[in-house]
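Mind the numbering: the sequence shown is residues 60 to 540 in the working numbering, read in order. Glycine included, each C-beta is placed from N, C-alpha and C at the ideal position.
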Amino acid sequence: MTQLDEPDSGGAQFNDTTRDRLPGGDITMTDTLSIDVSEWIDRHRVAPFQAAIVVLCFLIVAIDGFDTASIGFIAPVIRAEWGLSPAQLAPVFGAGLAGLMAGALVFGPFGDRFGRKRLLLACVACFGIASAASASAGGLTELIAWRFVTGLGLGGAMPNAITLTSEYCPARRRSLLVTTMFCGFTIGSALGGLAAAALIEHHGWRAVLVVGGAAPLLLLPVLAWRLPESVRYMVNRHAPSARIAAMLGRIAPDPRLANASFTAPAGKPAGSPLGRLFGPDLLRGTLLLWLTFFMSLLVIYLLSSWLPTLLRTTGATLRTAAHVTAMFQVGGTLGAIVLGWLMDRFDPHRVLACSYAAAGVFVAAIGVVAASPWGAALAVFAAGFCVSGSQVGANALSAAFYPTECRTTGVSWANGIGRGGSVVGSMAGGAMLAMGVPLSTAFGVVAAPCVIAAIAVLALGAVRAGAARVPAAKTMAGERA
């Protein structure tokens, strides 16, 4: 027998289905409990089960970061070996980013239809095989094709990893845990730069791609064994109650789960998850998120792809350029954690807007101090802290903005549109090199998208605040009536 007023009930909502009640508010074991799974997660502490989900998704995103950074370091070697100009080399970057964009737009939303876990497994297998195959490329066309396929898998995996992590995190810790998970990207990028320099020196550029392909394939069986499906998705898809109870029991064991029914927050019905993004309640926020992601990822991928090459124009050695560029990812890792912590305690839109604005200042500063290794390292670290950390926070913001029935689609399309900015950024870096634009001018231009992202995030906050006031006003009007 269970007390109705028992503390730490996980937010469970109790609905009696029998008339047999005992003194003191007890209910019999034949009663059915209706439990909101979101409230259950929100009311309990983060369990080892949830921490394991964060770690596994962290590893998936880390491989994406490794791939993103490593291609920037192998590019100069490929250029020298194959006798390519910067303009000829740019499509290698563009193909991978175009694949990321297509994967996010096309495959990412399948997570709302087939489940987050299934899509993650398929996408991890895809980019693992394609990355390993890239190492065997015998020419530019073949390498471009394999980079595109690698991007398809990576593009579909990331939004599903973000969504799955978000849906298992309690609201009071969600921003911090999602940004911590996404630190995998910045840490993977830093390791990609450091590992690429060592691997290229001893084994050649193809070894970097072999490592990038082997890592996800080795991780795949672990994901199949330990990664759960989203419990909110399971409720919306009417999965057996026993499966849902087993998932919630791993968060907080409770004998009442065996006899419970389960619900999830209901969203507005729509013909498709994609159509839901363009509904009147989500359209403005969706467009502002797209603008934020486009500008943010334009800057991040331009710097990740071309910063080593740009630094080499100042006379820096390959090792120095690698170490300075790695500071961008180190700063991004620290920035993601700090900003995630701040987003859980203050208005997340204002936190990110301030960070994006500061990013513009530090990106412009890189061009001024690029000739000094220490000065460049500090400026790159600060820029990474702000822009890369803010992008991680924007992912947490997008996951919180969309309801369950279209969350993966919303996050996927935000990332997909953002990958369009990645393509523009990667191409712009090559164009500025080919045109011989001075570094101070080039980095000044790159700072502008950071300011635009800051304005977009502030506008998103205003939209969400206005949307929150509408239901409250309706409730007050109803009470007066």
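Item to check | Own chain residues within Cβ distance below 6 angstroms of V470, not counting five before or after | outcome: Same-chain partners within the cutoff: P218, I221, T222, S457 and A458.
Item to check | Residue-chain proximity (R104, chain B), Cβ-Cβ < 7 angstroms | outcome: In the structure shown, chain B cannot be found, because there is only a single protein chain.
Item to check | Alpha-carbon spacing of V383 relative to G338, whole angstroms | outcome: Each residue's CA atom was taken as its position, placing V383 and G338 some 45 angstroms apart.
Next on the checklist: Using 8 angstroms as the cut-off, can you tell me whether the stretch 508–520 makes contact with the stretch 400–410, which would need three or more C-beta pairs spanning the two stretches below that distance?
Outcome noted: Yes, since at least three Cβ pairs between the stretch 508–520 and the stretch 400–410 fall closer than 8 angstroms, the two stretches touch.
Next on the checklist: If you follow the beta strand (DSSP E) that S93 is in, where does it begin and where does it stop?
Outcome noted: Residues L92 to D95.
Next on the checklist: Taking the beta strand (DSSP E) that S320 belongs to, which residues open and close that run?
Outcome noted: Note, S320: beta strand (DSSP E), A319 to T322.
Item to check | Uninterrupted alpha helix (DSSP H) stretches inside the stretch 318–383 (no shorter than 4 residues) | outcome: 332–336 and 342–371, all fully within the stretch 318–383.
Item to check | Beta-carbon spacing of V451, T238 below 7 angstroms | outcome: Going by C-beta atoms, V451 is nearer than 7 angstroms to T238.
Item to check | Buried/exposed call for Q109, threshold 16 Cβ in 10 Å | outcome: Flag for Q109 reads buried.
Checklist entry - Taking just the CA atoms, how far does V483 sit from L357? => result Each residue's alpha carbon lies about 6 angstroms from the other.
Checklist entry - Secondary structure at A455, three-state DSSP: helix, strand or coil? => result Note: A455 maps to helix in three-state DSSP.
Checklist entry - Looking at C-alpha atoms only, which residue of A283, L348, L253 and A204 is the closest neighbour of I511? => result Among A283, L348, L253 and A204, the Cα nearest to that of I511 belongs to L348.
Checklist entry - Closest to P508 by CA distance: which of Y360, R175 and L115 is it? => result Looking from the CA of P508, the closest CA among Y360, R175 and L115 belongs to Y360.
Next on the checklist: Helix, strand or coil, according to DSSP, for G271 in the structure here?
Outcome noted: Three-state DSSP puts G271 in a helix.
Item to check | Residue of W433, V105, S449 and R315 minimising C-alpha distance to I94 | outcome: Minimum Cα distance to I94 is reached at R315.
Item to check | Separation of G124 from G253, as counted between CA atoms | outcome: Just to set this straight, residue 253 is Leu in the shown sequence, not Gly. Cα to Cα, the separation comes out at about 12 angstroms.
Checklist entry - Cα separation between M88 and A319? => result Summary for M88: the model assigns pLDDT 43, below 50, so the residue's position carries little reliability; its value from the coordinates is reported in the next sentence. Their Cα atoms are separated by approximately 10 angstroms.
Next on the checklist: Cutting at 6 angstroms between CB atoms, please list the residues of its own chain near V281, excluding the five before and the five after it.
Outcome noted: Excluding its 5 nearest sequence neighbours in each direction, V281 has no C-beta neighbour in its own chain below 6 angstroms.
Item to check | Identity of the residue in A249, H103 and A163 nearest V208 by Cα | outcome: Closest by alpha carbon: A163.
Next on the checklist: With distance defined between alpha-carbon atoms, name the residue in G489, A438 and W472 nearest to A506.
Outcome noted: Among G489, A438 and W472, the Cα nearest to that of A506 is on A438.
Item to check | Reduced DSSP category for R523 - H, G, I as helix; E, B as strand; rest coil | outcome: Of the three classes helix, strand and coil, the one that applies to R523 here is helix, per DSSP.
Item to check | Cβ-based burial, S289 [other Cβ within 10 Å; buried from 16] | outcome: Answer is buried; the Cβ neighbour count reaches 16.
Checklist entry - If you count every other CB in all the chains shown that lies within 10 Å of the CB of P299, and 16 or more means buried, which is it? => result Answer is exposed; the Cβ neighbour count stays below 16.
Checklist entry - Helix, strand or coil: how does DSSP classify I514 here? => result Helix at I514.
Checklist entry - In terms of alpha-carbon separation, which member of M354, L278, R404 and G391 lies closest to A184? => result Here the closest residue by C-alpha is L278.
Item to check | Cβ neighbour criterion (16 or more within 10 Å) applied to P312 | outcome: Per the 10 Å Cβ criterion, exposed.
Checklist entry - Buried or exposed: which applies to E201, given that a residue is buried once 16 or more other Cβ atoms fall within 10 Å of its Cβ? => result That one is exposed.
Checklist entry - Based on Cα-Cα distance, which residue from P332, I203, L199 and G198 lies nearest to V165? => result Taking only the C-alpha atoms, the option nearest V165 is P332.
Item to check | Proximity winner among I137, R175, G272 and I476, relative to A192 (alpha-carbon distances) | outcome: Of the candidates I137, R175, G272 and I476, the one whose C-alpha sits nearest the C-alpha of A192 is G272.
Item to check | Neighbourhood of V428 by C-beta, 8 angstroms cutoff - its chain only, sequence neighbours within 5 removed | outcome: Excluding sequence neighbours, V428 sits near G434, A435, L437 and A438.
Item to check | Nearest-angstrom Cα separation, counted from F460 out to W472 | outcome: Between the alpha carbons of W472 and F460 lies a distance of about 13 angstroms.
Next on the checklist: Using the three-state DSSP reduction, which class does E260 fall into: helix, strand or coil?
Outcome noted: It is helical.
Checklist entry - Going by alpha carbons, who is nearest to V269 out of I133, G503 and E140? => result Among I133, G503 and E140, the Cα nearest to that of V269 belongs to I133.
Item to check | Residue ranges of each beta strand (DSSP E) within the stretch 422–510, 3 or longer | outcome: Counting only runs of 3 or more residues that sit fully inside the stretch 422–510, no beta strand (DSSP E) segment turns up.
Next on the checklist: If you follow the alpha helix (DSSP H) that A108 is in, where does it begin and where does it stop?
Outcome noted: Inspection of the sequence shows that residue 108 is occupied by Phe rather than by Ala. Segment P107 to W141, the alpha helix (DSSP H) holding F108.
Checklist entry - Taking the alpha-carbon positions, what's the G552 to G520 distance? => result Not covered by the structure: residue 552. The range shown for the chain is 60 to 540.
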